[in-house]
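Asks: Sharing a structure with you now.
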Amino acid sequence: MTDQNNESLQSKATTFFSMLGQRFEVLEKLPQKQLPMKYAFVLVGIIIFVFAWKVIAVSKVESDMSKKLESERALVTQQAREHADKQYKKEEERFGQVLAWAVRSELIRNNIDQIGLYLNDIVKQIDADRIVLISESGELLVSTDKRLEDVKGSDLYPQDVINVHTITIKSDVDGKKLLIAPISDFNKRVAVLVISYNQAKIS
Numbered sequence: 002m003t004d005q006n007n008e009s010l011q012s013k014a015t016t017f018f019s020m021l022g023q024r025f026e027v028l029e030k031l032p033q034k035q036l037p038m039k040y041a042f043v044l045v046g047i048i049i050f051v052f053a054w055k056v057i058a059v060s061k062v063e064s065d066m067s068k069k070l071e072s073e074r075a076l077v078t079q080q081a082r083e084h085a086d087k088q089y090k091k092e093e094e095r096f097g098q099v100l101a102w103a104v105r106s107e108l109i110r111n112n113i114d115q116i117g118l119y120l121n122d123i124v125k126q127i128d129a130d131r132i133v134l135i136s137e138s139g140e141l142l143v144s145t146d147k148r149l150e151d152v153k154g155s156d157l158y159p160q161d162v163i164n165v166h167t168i169t170i171k172s173d174v175d176g177k178k179l180l181i182a183p184i185s186d187f188n189k190r191v192a193v194l195v196i197s198y199n200q201a202k203i204s
């Protein structure tokens, strides 16, 4: 009876250890098993999607920053040009005023020839197209362009040009830029000085 019990216990123990051995064998083989191909493709697809999204997101941020910087640069450039234009206009007006005083001084003395020499020198220095001095009656008193000597002064420019009473800059009169400086004697206008420039080409 005792021998039978021993054999039964030994048999159960053998069976138990055999089952444990099989389970450990399954666990040992598990890391060696590969995932099905469809799962591998899904994983690769997710990785590619994440990478592509990152590239697109970075590119969009870079593009937005580039556009913002370009816009800010254009704004600063425009403001700088406007400021420079205002300063240049002030300098032109100041030049016109000083020139008008110098011409007035000679005109009072009736030194027309001296005015002609003076304006011929000025037109070369400032690289102007021409300078003309027109009397209040419309007579052409002086012209740096000798081809206009027989032309009536009032025929050279419209009335709104030669009738101004303050230093005026007109940006486009028959394709020319004009600096107009009236000559006054004791608050009475006696002549007008018109400096003509070629329009600068816009690039």
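Quick note, this note's numbering runs 1 ahead of the 1-based positions in the sequence shown.
Quick reminder that beta carbons are idealized off the backbone N, C-alpha and C, glycines included.
Note that the structure is predicted; figures quoted are calculated from it, not measured.
Using 9 Å as the threshold, is the C-beta distance between Val193 and Leu180 below it?
Replies: The sequence position of residue 193 within the sequence shown is 192, counting from 1. The sequence position of residue 180 within the sequence shown is 179, counting from 1. It is not a contact, given that the beta carbons lie outside the stated cut-off.
Asks: Can you tell me which of the three DSSP states Asp128 falls into?
Replies: In the sequence shown, the residue the question calls residue 128 occupies position 127. Residue state, collapsed to three classes: coil.
Asks: Roughly how many angstroms lie between the CA atoms of Leu76 and Val62, to the nearest whole one?
Replies: Counting from one through the sequence shown, the residue named residue 76 turns up at place 75. Counting from one through the sequence shown, the residue named residue 62 turns up at place 61. For Leu76 and Val62, the distance between alpha carbons rounds to 21 Å.
Asks: Can Val104 and Ile163 be called in contact, C-beta distance under 9 Å?
Replies: Reading the sequence shown from its first residue, position 103 is the one you call residue 104. Reading the sequence shown from its first residue, position 162 is the one you call residue 163. At least 9 Å separates the beta-carbon of Val104 from that of Ile163.
Asks: Quick check on the DSSP output: the beta strand (DSSP E) that includes Val195 runs from which residue to which?
Replies: If you number the sequence shown from 1, residue 195 lands on position 194. Taken as a continuous stretch (DSSP letters only), the beta strand (DSSP E) holding Val195 covers 189-199.
Asks: In this structure, does DSSP put Lys87 in helix, strand or coil?
Replies: As a working mapping, residue 87 is identified with position 86 in the sequence shown. Correct three-state label for Lys87: helix.
Asks: Between Ile170 and Glu83, which are expected to be in contact by the criterion C-beta below 8 Å, what is the C-beta distance as a whole number of angstroms?
Replies: Position 169 of the sequence shown, counted from the start, is the residue given in the question as residue 170. Position 82 of the sequence shown, counted from the start, is the residue given in the question as residue 83. About 15 Å; that fails the 8 Å criterion.
Asks: Quick one: what does DSSP say Thr145 is sitting in, helix, strand or coil?
Replies: As a position in the sequence shown, residue 145 is number 144, starting the count at 1. DSSP places Thr145 in coil when its eight states are reduced to three.
Asks: Please identify the residue among Tyr198, Asp130, Pro159 whose C-alpha is closest to the C-alpha of Arg148.
Replies: Locating residue 148 in the sequence shown gives position 147, where the first residue counts as 1. Arg148 has its Cα closest to that of Asp130, out of Tyr198, Asp130, Pro159.
Asks: Cβ of Phe50 versus every heavy atom of the ligand HEM: is any distance shorter than 8 Å?
Replies: Of the ligands one can find in the structure shown there are none, so the ligand HEM has no counterpart to examine.
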